[in-house]
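K.L.:
Here you go, one structure.
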Amino acid sequence: MDFKSLIERKRERFAELEREIADPALFENRKRASEIMREHSAVKQMLALWSELDATRQQLEDNRELAAADEAEMAQLAREEIPELEKRLATLERDFQIALLPPDENENRDAIIEIRAGTGGSEAAIFAADLYRMYNRYAESAGLKMEDLESSPSELGGLREAIFKVSGENVFRKLRFESGVHRVQRVPATEAQGRIHTSTATVAVLPEAEDVDIDLKPEDLRIEVCRSGGPGGQGVNTTDSAVQIMHIPTGRIVRCQDGRSQQKNKEKALSIMRARLLEDKQREEEAKYSAHRKNQIGSGGREEKVRTYNFPQNRITDHRIGLTLYNLDRVMEGDVGEMIDALQAADLQERLKESTLTA
Numbered sequence: 132m133d134f135k136s137l138i139e140r141k142r143e144r145f146a147e148l149e150r151e152i153a154d155p156a157l158f159e160n161r162k163r164a165s166e167i168m169r170e171h172s173a174v175k176q177m178l179a180l181w182s183e184l185d186a187t188r189q190q191l192e193d194n195r196e197l198a199a200a201d202e203a204e205m206a207q208l209a210r211e212e213i214p215e216l217e218k219r220l221a222t223l224e225r226d227f228q229i230a231l232l233p234p235d236e237n238e239n240r241d242a243i244i245e246i247r248a249g250t251g252g253s254e255a256a257i258f259a260a261d262l263y264r265m266y267n268r269y270a271e272s273a274g275l276k277m278e279d280l281e282s283s284p285s286e287l288g289g290l291r292e293a294i295f296k297v298s299g300e301n302v303f304r305k306l307r308f309e310s311g312v313h314r315v316q317r318v319p320a321t322e323a324q325g326r327i328h329t330s331t332a333t334v335a336v337l338p339e340a341e342d343v344d345i346d347l348k349p350e351d352l353r354i355e356v357c358r359s360g361g362p363g364g365q366g367v368n369t370t371d372s373a374v375q376i377m378h379i380p381t382g383r384i385v386r387c388q389d390g391r392s393q394q395k396n397k398e399k400a401l402s403i404m405r406a407r408l409l410e411d412k413q414r415e416e417e418a419k420y421s422a423h424r425k426n427q428i429g430s431g432g433r434e435e436k437v438r439t440y441n442f443p444q445n446r447i448t449d450h451r452i453g454l455t456l457y458n459l460d461r462v463m464e465g466d467v468g469e470m471i472d473a474l475q476a477a478d479l480q481e482r483l484k485e486s487t488l489t490a
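For the sequence shown, the residue numbers in our numbering are 132 to 490.
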């Protein structure tokens, strides 16, 4: 495929974007400014990648000519460089193909993650708490920031529900495929006869919504303040700090009571509400325009069984891409990188295949 005409159009577009950014009036519209800055960055990276690709291709051609020259010493040096140049060229060509893919507007956002105990009673709640710790440790090792938004503890150290925010570089892109039903197979500590039980927990990973994405009108919200619940006779449960917000048009309800500050709980509840409403909006759009597309690794829906954690065999299997690893002990300590990388690679491969078919 000849990319020269495409690159010429990208250069013209880059010049247009530069002119728009130079206009102070652009930043009066936050959403428009954000879109322009994002596109400017993407086009700039693509043009830089093309320049490097073009230079590497030319260098490889020069080395092949030199390798056939009469000067033995020069030819030998040129031949030695060719394998590395070929490898570098192949990598750059693939990176350029990736740069041509339509960008996902959510991939650079922070993420709000919701974990809920599913089937399995107290064992499901314990597994939900294990997943919470797993993501916490992964965030620490990856240099990401984790902030608790809301939680509901259960007996035996489990969690009925945990909602938290993960911030950092490309967080949603890293964690988006964690959404779905996670299944655990193990012998519970409370099982006297050593039988393996199966329990589940659901994980939802939502891109954090900005004010410009979801306009929460005051008249659409019913905000109630009440006394926080929870164990103990002091602290959080002695103040009227719990906040419950209902979005009247959709009937969605969010409650936050983890913090002692009523204002902080209100901010957290609004953040969760925006993320859930943005998810609803995006699901509606996908249903309209992408019903024909069946991604290899699934929709990432909350109802879809995505992974099994088998403790007796120290095995973890992702059912969407058929990947099985025998390092469950390390995964539960936060070593989730290999699984996340494999899911991203599978999604990228599918998108490249689709772009080739539709080109």
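Glycine included, C-beta positions come from ideal geometry on N, C-alpha and C.
All values reported here derive from a predicted model rather than from experimental measurement.
Can you tell me whether DSSP reads Tyr266 as helix, strand or coil?
P.N.:
Locating residue 266 in the sequence shown gives position 135, counting from the first residue. If DSSP states are grouped into helix, strand and coil, Tyr266 belongs with the helices.
K.L.:
Spatial neighbours of Leu401 within its chain, please: C-beta separation below 7 Å, excluding the five flanking residues on both sides.
P.N.:
Position 270 of the sequence shown holds residue 401. Result list for Leu401: Leu347, Ile376, in chain order.
K.L.:
Whole alpha helix (DSSP H) runs in the stretch 202 to 245 with 4 or more residues, listed along the chain?
P.N.:
DSSP runs (the alpha helix (DSSP H)) wholly in the stretch 202 to 245: 203 to 231.
K.L.:
With 9 Å set as the bound, which would you pick, yes or no: does the beta-carbon of Ser372 sit closer than that to a beta-carbon of chain C?
P.N.:
In the structure shown, chain C does not exist; there is a single protein chain.
K.L.:
Looking only at its own chain, which residues have a Cβ that is under 6 Å from the Cβ of Tyr457, when we skip the five neighbours before and after it?
P.N.:
Taking the first residue of the sequence shown as position 1, residue 457 is located at position 326. Only Asn445, Arg446 meet the Cβ criterion.
K.L.:
Return the residue from the list Pro349, Thr331, Val374 that minimises the CA-CA distance to Gly249.
P.N.:
Walking along the sequence shown from the start, residue 249 turns up at place 118. When only C-alpha atoms are compared, the closest one is Thr331.
K.L.:
Using the Cα positions of Arg438 and Val315, report the straight-line distance between them to the nearest angstrom.
P.N.:
Taking the sequence shown and counting its residues from 1, the one referred to as residue 438 is at position 307. Taking the sequence shown and counting its residues from 1, the one referred to as residue 315 is at position 184. C-alpha separation (whole angstroms): 9 Å.
K.L.:
What number of angstroms, rounded off, separates the C-alpha of Asn396 from the C-alpha of Gly289?
P.N.:
Residue numbering aside, residue 396 sits at position 265 when the sequence shown is read from its first letter. Residue numbering aside, residue 289 sits at position 158 when the sequence shown is read from its first letter. Computed Cα separation, rounded: 23 Å.
K.L.:
Can you check which of these residues, Leu223, Gly325, Ala373, is closest to Ser282 by C-alpha distance?
P.N.:
By one-based count along the sequence shown, residue 282 stands at place 151. With distances taken between Cα atoms, Ser282 lies closest to Ala373.
K.L.:
Do Tyr266 and Gly465 have their beta-carbon atoms positioned less than 9 Å apart in this structure?
P.N.:
Here residue 465 refers to the residue found at position 334 when the sequence shown is read from its first residue. Here residue 266 refers to the residue found at position 135 when the sequence shown is read from its first residue. Yes. Within cutoff.
K.L.:
If you run the structure through DSSP and keep just helix, strand and coil, what is Pro284?
P.N.:
Residue mapping note: residue 284 aligns to position 153 of the sequence shown, counting from 1. Of the three classes helix, strand and coil, the one that applies to Pro284 here is strand, per DSSP.
K.L.:
The alpha helix (DSSP H) that contains Lys348, what's its start and end?
P.N.:
Along the sequence shown, read from residue 1 onward, the residue named residue 348 stands at position 217. That residue, Lys348, is in no alpha helix (DSSP H); it is neither H nor E in DSSP.
K.L.:
Can you list, in chain order, the residues of its chain with a C-beta nearer than 8 Å to that of Ala206? Leave out the 5 residues immediately preceding and following it.
P.N.:
In the sequence shown, counting from the first residue as 1, residue 206 sits at position 75. Same-chain partners within the cutoff: Leu197, Ala198, Ala199, Ala200.
K.L.:
For Asp478, count the other beta carbons within 10 Å of its own beta carbon; 16 or more makes it buried, fewer makes it exposed. Which is it?
P.N.:
The residue labelled residue 478 in the question sits at position 347 within the sequence shown. With 16 or more other Cβ atoms within 10 Å, it is buried.
K.L.:
Considering only residues of the same chain and omitting the five flanking positions on each side of Glu143, which have a CB-CB separation below 6 Å?
P.N.:
Sequence index remark: in the sequence shown, residue 143 carries index 12 (1-based). Cβ neighbours of Glu143 beyond the five flanking positions: none.
K.L.:
If we call anything under 9 Å between Cβ atoms a contact, is Leu262 one with His313?
P.N.:
Here residue 262 corresponds to residue number 131 of the sequence shown, with the count starting at 1. Here residue 313 corresponds to residue number 182 of the sequence shown, with the count starting at 1. Closer than 9 Å, so yes.
K.L.:
Considering just the uninterrupted stretch of the beta strand (DSSP E) at Asp449, what are its terminal residues?
P.N.:
For the purposes of this step, residue 449 is taken as the residue at position 318 of the sequence shown. Where Asp449 is concerned, the enclosing beta strand (DSSP E) stretches over 446 to 449.
K.L.:
Does Pro349 pass the burial test, meaning 16 or more other C-beta atoms within 10 Å, or should it be called exposed?
P.N.:
On the sequence shown, position 218 is the one that residue 349 refers to. It is exposed - the Cβ of Pro349 has fewer than 16 other Cβ atoms within 10 Å.
K.L.:
Taking the beta strand (DSSP E) that Glu149 belongs to, which residues open and close that run?
P.N.:
Residue numbering aside, residue 149 sits at position 18 when the sequence shown is read from its first letter. Careful: Glu149 lies outside any beta strand (DSSP E), inside the alpha helix (DSSP H) at 135 to 153.
K.L.:
List the DSSP bridge partners of Gly311.
P.N.:
Residue 311 sits at position 180 when you count from the first residue of the sequence shown. Answer is Val334, bridged to Gly311.
K.L.:
Going by other Cβ atoms of all chains shown within 10 Å of its Cβ, with 16 needed for buried, is Ala186 buried or exposed?
P.N.:
If you number the sequence shown from 1, residue 186 lands on position 55. By the neighbour-count rule (16 or more Cβ atoms within 10 Å), Ala186 is not buried but exposed.
K.L.:
Mapping the DSSP letters down to three states, classify Phe442 as helix, strand or coil.
P.N.:
Here the question's residue 442 lines up with position 311 in the sequence shown. DSSP places Phe442 in coil when its eight states are reduced to three.
K.L.:
Once you ignore the five residues that flank Thr333 on each side, which residues in its own chain have a CB closer than 6 Å to its CB?
P.N.:
By 1-based counting over the sequence shown, the position of residue 333 is 202. Taken in chain order, the residues that qualify are Arg247, Gly249, Val312, Arg433.
K.L.:
Taking Leu337 as the reference, which of Lys305, Arg451, Leu474, Glu322 has the closest Cα?
P.N.:
Along the sequence shown, one-based indexing puts residue 337 at 206. Of the candidates Lys305, Arg451, Leu474, Glu322, the one whose C-alpha sits nearest the C-alpha of Leu337 is Lys305.
K.L.:
For Val356, which of helix, strand or coil comes out of DSSP?
P.N.:
Here the question's residue 356 lines up with position 225 in the sequence shown. In this structure, Val356 counts as strand in the three-state DSSP scheme.
K.L.:
Would a C-beta distance cut-off of 9 Å place Asp235 and Gly299 closer than the cut-off?
P.N.:
On the sequence shown, position 104 is the one that residue 235 refers to. On the sequence shown, position 168 is the one that residue 299 refers to. For Asp235 and Gly299, no; Cβs fall outside 9 Å.
K.L.:
Which residues in the same chain as Phe227 place their Cβ atom closer than 6 Å to its Cβ, once the five residues preceding and following it in sequence are excluded?
P.N.:
Residue numbering aside, residue 227 sits at position 96 when the sequence shown is read from its first letter. Excluding sequence neighbours, Phe227 sits near Leu180, Leu184.
K.L.:
For the alpha helix (DSSP H) that contains Glu168, what are its first and last residues?
P.N.:
Numbered from its first residue, the sequence shown carries residue 168 at position 37. With the sequence shown as reference, residue 168 is identified as Met, and Glu is not the correct amino acid for it. Run containing Met168: 161 to 198, per the alpha helix (DSSP H) assignment.
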